[in-house]
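Q: Below you'll find the structure I mean.
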Amino acid sequence: MKQQIMIISFLTSICFAQVESQEFQDLSKIKLNSYIENIKAPQYLDVQNSTDKGKADMFWVFLGDKNKPTESELKLQAIDQNKDGKVDLVKHYTNAIINRIETDQDYDGKVDSVSFYDAEGKNIIRRISQAGKSLTQTYWYKSELRLQELDRNLDLKTDMIIHFRDGKSYKVEDDEDYDGKNFKVILK
Ligand SMILES: [Ca+2]
Ligand SMILES: [Ca+2]
Ligand SMILES: [Ca+2]
2 MKQQIMIISF
12 LTSICFAQVE
22 SQEFQDLSKI
32 KLNSYIENIK
42 APQYLDVQNS
52 TDKGKADMFW
62 VFLGDKNKPT
72 ESELKLQAID
82 QNKDGKVDLV
92 KHYTNAIINR
102 IETDQDYDGK
112 VDSVSFYDAE
122 GKNIIRRISQ
132 AGKSLTQTYW
142 YKSELRLQEL
152 DRNLDLKTDM
162 IIHFRDGKSY
172 KVEDDEDYDG
182 KNFKVILK
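Quick note on the working numbering: the sequence shown kicks off at 2 and runs consecutively.
Shown next, in the form of structure tokens:
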């Protein structure tokens, strides 16, 4: 009986191996520099200057004792790629495995994308990106593009859903009036 249930739940997980929709996040609320400011014990900050010119441009936040680096745990790495004094890339770690990366690609001080990684820290499973007043969430399942959710009026509610299989969109659902109800299938 127990085995039967296990087989059924295994088959179900194959058939319905779907990506799960997540809430949108307002990327403008993320302040990349805040990750390296006011670090308090039991965390500590390590800094480096990659070019020996100007200010430090690489930062690491560790959990532990600064005098015992081999026993410390890496929590995040922050980089100021264009050396303007503002962090533009932050990698977050859990148990020393990467779990998300936040980037400000155009160096305007606002985060443009957040990518989430799988439990091994190898593949991206979800990404939120912002371009002007439009937010897009992209989902992958086993490295295959599966779903895109768009928020085209920046109210943090999905108003378009695009489904993908084998690299192609096969279904598009549109919420024309952005009220979060009555999505119309415009491509099938
Ligand atoms: Ca910068
Ligand atoms: Ca930006
Ligand atoms: Ca919306």
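Quick reminder that beta carbons are idealized off the backbone N, C-alpha and C, glycines included.
What is the rounded straight-line gap between the Cα of LEU157 and the Cα of VAL115?
A: Cα to Cα, LEU157 sits roughly 15 Å from VAL115.
Q: Using 7 Å as the threshold, is the C-beta distance between ASP81 and ASP105 below it?
A: No, these two residues do not count as a Cβ contact at 7 Å.
Q: In chain order, what residues have a CB nearer than 5 Å to some heavy atom of ligand 2?
A: Counting every residue whose Cβ lies closer than 5 Å to a heavy atom of ligand 2, we get ASP105, ASP107, ASP109, LYS111 and ASP113.
Q: Using 8 Å as the Cβ pair cut-off and three pairs as the minimum, do the stretch 92–108 and the stretch 70–80 touch?
A: Cβ pair count under 8 Å is three or more, so yes.
Q: Taking 6 Å as the cut-off, does the CB of ASP160 come closer than this to any heavy atom belonging to ligand 3?
A: Indeed, a heavy atom of ligand 3 lies less than 6 Å from the Cβ.
Q: Going by alpha carbons, who is nearest to ARG153 out of ILE162, ASP107 and LYS172?
A: Of the candidates ILE162, ASP107 and LYS172, the one whose C-alpha sits nearest the C-alpha of ARG153 is ILE162.
Q: Please state if the CB of LEU64 and the CB of GLU74 are separated by a distance shorter than 7 Å.
A: Yes, Cβ-Cβ distance for GLU74 and LEU64 is below 7 Å.
Q: Closest to VAL48 by CA distance: which of ALA42, ALA57 and ILE40 is it?
A: Here the closest residue by C-alpha is ALA57.
Q: Can you tell me where the beta strand (DSSP E) with LYS247 in it begins and where it stops?
A: Given a span of 2 to 189 for the chain in the structure shown, any question on residue 247 remains unanswerable.
Q: Would GLU177 pass as a contact of VAL186 if the rule is Cβ separation under 7 Å?
A: No, these two residues do not count as a Cβ contact at 7 Å.
Q: How many angstroms separate the CA atom of ILE102 from the CA atom of ASN183?
A: If you take the alpha carbons of ILE102 and ASN183, they lie about 34 Å apart.
Q: For SER135 and LEU148, which I take to be in contact (beta-carbon distance under 8 Å), what is that distance rounded to the nearest angstrom?
A: 16 Å between Cβ atoms; not a contact.
Q: Let me make sure I understand the geometry here. Which of ARG128, LEU155, ASP113 and MET59 has the alpha-carbon closest to that of GLN23?
A: Measuring from the Cα of GLN23, the nearest candidate turns out to be ARG128.
Q: By a C-beta neighbour count over all protein chains shown, 10 Å radius and 16 as the cutoff for buried, is LEU33 buried or exposed?
A: With 16 or more Cβ atoms within 10 Å of its Cβ, LEU33 is classed as buried.
Q: For LYS54 and ASP85, what's the separation of their Cα atoms in angstroms?
A: When rounded, the distance between both Cα atoms is 12 Å.
Q: According to DSSP, is GLU21 part of a helix, a strand, or is it coil?
A: Correct three-state label for GLU21: coil.
Q: Using only the heavy atoms of ligand 1, determine whether one of them is closer than 6 Å to the beta carbon of ASN34.
A: No.
Q: Using the Cα positions of ASN96 and GLY122, report the straight-line distance between them to the nearest angstrom.
A: Roughly 10 Å separates the two Cα atoms.
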